[in-house]
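Taking it in order: structure first as structure tokens, then the write-up.
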Amino acid sequence: MYKSIIYSVLGLIPCIGFGQGLVNAGMTINQSSGMSIYVDQGGVSNLQGGQINNEGTLYLEKDWTQSGAGTGYSGNGMLRFEGATNQQISGLTSVTNLHVNNGNKLTLGSALSISNTIDLNNNGSVELSNNNLVLSSGAILSGYDANNYIITNGTGTFTRQVGSSSMVFPVGNSIYNPLSISNNGTVDNFNVRVEDAVYQNGTSGSLVSSNVVRKTWFVGEETAGGSDITVTPQWNTSDEGSSFDRNNSGVAYWNGSAWNHPASLGAANNLTATTWNIARNSVTQVGVFVIEDAQPIGVEQLADGRESNISLFPNPAKDYLNIQFDGLVVPVTSLRIYAANGQLVYQEQVQIEDDQVLMLDVVQKLAASTYTLVIGFEDGKYLTKEFVRAL
Numbered sequence: 003m004y005k006s007i008i009y010s011v012l013g014l015i016p017c018i019g020f021g022q023g024l025v026n027a028g029m030t031i032n033q034s035s036g037m038s039i040y041v042d043q044g045g046v047s048n049l050q051g052g053q054i055n056n057e058g059t060l061y062l063e064k065d066w067t068q069s070g071a072g073t074g075y076s077g078n079g080m081l082r083f084e085g086a087t088n089q090q091i092s093g094l095t096s097v098t099n100l101h102v103n104n105g106n107k108l109t110l111g112s113a114l115s116i117s118n119t120i121d122l123n124n125n126g127s128v129e130l131s132n133n134n135l136v137l138s139s140g141a142i143l144s145g146y147d148a149n150n151y152i153i154t155n156g157t158g159t160f161t162r163q164v165g166s167s168s169m170v171f172p173v174g175n176s177i178y179n180p181l182s183i184s185n186n187g188t189v190d191n192f193n194v195r196v197e198d199a200v201y202q203n204g205t206s207g208s209l210v211s212s213n214v215v216r217k218t219w220f221v222g223e224e225t226a227g228g229s230d231i232t233v234t235p236q237w238n239t240s241d242e243g244s245s246f247d248r249n250n251s252g253v254a255y256w257n258g259s260a261w262n263h264p265a266s267l268g269a270a271n272n273l274t275a276t277t278w279n280i281a282r283n284s285v286t287q288v289g290v291f292v293i294e295d296a297q298p299i300g301v302e303q304l305a306d307g308r309e310s311n312i313s314l315f316p317n318p319a320k321d322y323l324n325i326q327f328d329g330l331v332v333p334v335t336s337l338r339i340y341a342a343n344g345q346l347v348y349q350e351q352v353q354i355e356d357d358q359v360l361m362l363d364v365v366q367k368l369a370a371s372t373y374t375l376v377i378g379f380e381d382g383k384y385l386t387k388e389f390v391r392a393l
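The opening residue of the sequence shown carries number 3 in this note's numbering; numbering runs sequentially from there.
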């Protein structure tokens, strides 16, 4: 027979509930399998060492708050948030099964792990703020879509395990911007959040608003090293910055000190009328990921006179290209060469502080064409110079 306990009945049980909600101040509540409890006039406050063991289904119209030494929630049952407004869950560290079906969002007031299922029912989102949401190995996430997803509006991240099969991280900030990851390396737990901005130096510096998708995906891993991942970020047409060319784009990532640009650019995949994605594979280092076009992020022509300190010869070049440095005020730390189509064909980390001539014999391996040499300085600024590879 179907069993249920309605809040108004619970109010008759001493020390369990009063007023508008269920307050458990130090008692132990055991809910059997197949039983449903509806807290339909308020939320749950589990306090002062109270224990709630849920093997059935517990429905809430308001918030869940838990605090106090020895206070706990356990059981293999379902915790369902089904109010008509935003709700919050705080104080819990682990839930076996979580459903959000409130047509709004459930905000985390503390870090939370899910051991079995989390279902957004295509009718609710989970907002992380500065708290992490962790999906345990083997746990299932379902019911997400472009309107119902994991909102990463702070430093909180969403974590799940990734092996060779592609796993979706259904995250977004002001709008849905999921990231998919597959891993041909060692199975690991990856965490993701997305921010509605792109910065010149990955996580700092001036905002970049042109020639990029104005989103940054932050990707971390539990165990450093051993990964060989493919990342596929998704964006909306409205996310694109000015002059962005999605037909000649790629994924770049910031490794903590410099941008690693895609070896080649291509056309984005058109998913719907207004959504797009593009992949980058063979990534062995996690970090900050962005989408750029043929004008690489971090590259800007300087106007402070440094052009006069650097010259190229011979130009056109055939077997080698000399770079002459004279009177450098700021050391040069990187060199990159881009083909006319935006493809990165050469990059090198250097440390040049004094007057010298550096010979690049890699030029002899290039096809006859016009190329752009990007010279990076220690202060994060860049200078570009063109040269021709002669026949």
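For each residue, glycine too, the CB sits at the ideal point set by N, CA and C.
- For residue 202, DSSP assigns no beta-bridge partner whatsoever.
- Take residue 247, set aside five residues on each side of it, and the residues of its chain with a beta-carbon closer than 7 Å to its own are 295, 296, in chain order.
- Cβ atoms of residue 72 and residue 98 stay farther apart than 8 Å, at about 20 Å.
- Counting along the chain, residue 246 sits inside no beta strand (DSSP E), nor does DSSP assign it H or E at all.
- Distance from the Cα of residue 62 is smallest, within the candidate group 280, 87, 69, for 87.
- By the neighbour-count definition (other C-beta atoms within 10 Å, threshold 16), residue 151 is a buried residue.
- In the displayed model, residue 311 falls within a helix according to three-state DSSP.
- Taking a 10 Å sphere around the C-beta of residue 109, we find 16 or more other C-beta atoms and assign the residue as buried.
- A Cβ-Cβ distance of about 5 Å is found for the pair residue 59 and residue 38, placing them in contact under the 8 Å criterion.
- Rounded to whole angstroms, the gap between the alpha carbons of residue 33 and residue 271 is 49 Å.
- With distances taken between CA atoms, residue 392 lies nearest to 318 out of 385, 318, 348.
- Beta-bridge pairing by DSSP links residue 322 to no other residue.
- For residue 100, the number of other beta carbons within 10 angstroms of its own is at least 16, and it is reported as buried.
- When the five nearest sequence neighbours on each side are left out, the beta carbons in the same chain lying within less than 7 Å of the beta carbon of residue 370 are those of 391, 392, 393, in order along the chain.
- As a beta-bridge residue in DSSP terms, residue 268 pairs with 251.
- If you draw a 10 Å sphere on the C-beta of residue 45, you find 16 or more other C-beta atoms in it, and that means buried.
- Around the Cβ of residue 218, a 10 Å sphere holds 16 or more other Cβ atoms; the residue is buried.
- For residue 32, the enclosing beta strand (DSSP E) stretches over residues 30-33.
- In the three-state DSSP reduction, residue 367 falls in the helix class (H, G or I).
- Nearest C-alpha to residue 362 among 321, 30, 241: 321.
- When DSSP states are grouped into helix, strand and coil, residue 276 belongs to the coil group.
- Within the same chain, Cβ atoms closer than 6 Å to the Cβ of residue 81 are found at 60, 97, 100, the five residues on either side in sequence being excluded.
- If you look at residue 121, you'll find it in the beta strand (DSSP E) that goes 114-121.
- Between residue 242 and residue 215, the beta carbon gap of about 6 Å places them in contact (Cβ cut-off 8 Å).
- By the C-beta criterion, the stretch 227-240 is judged to be in contact with the stretch 175-182, since at least 3 inter-stretch pairs fall below 8 Å.
- In this model, residue 55 and residue 31 are separated by some 6 Å (Cα to Cα).
- In the three-state DSSP reduction, residue 225 falls in the coil class, being neither helix nor strand.
- Look at residue 239 here: in three-state DSSP terms it is helix.
- Beyond the five residues adjoining it in sequence on each side, residue 350 comes within less than 6 Å, by CB distance, of 337 in the same chain, given in chain order.
- Straight through space, the alpha carbons of residue 26 and residue 279 are spaced by roughly 48 Å.
- An exposed status is given to residue 258, since fewer than 16 other beta-carbon atoms sit within 10 Å of its beta-carbon.
- Separation of the CB atoms of residue 70 and residue 51 is rounded to 6 Å, and the pair is thereby assigned contact status at 8 Å.
- Here residue 354 is actually not in contact with residue 348; their C-beta atoms are around 16 Å apart, not less than 8 Å.
- The residue among 93, 379, 136, 325 with its C-alpha nearest the C-alpha of residue 365 is 325.
- Linking residue 47 to residue 290 through their CA atoms gives a straight-line distance of about 39 Å.
- Of the residues assessed, residue 36 falls on the exposed side of the cut-off, its CB having fewer than 16 other CB atoms within 10 angstroms.
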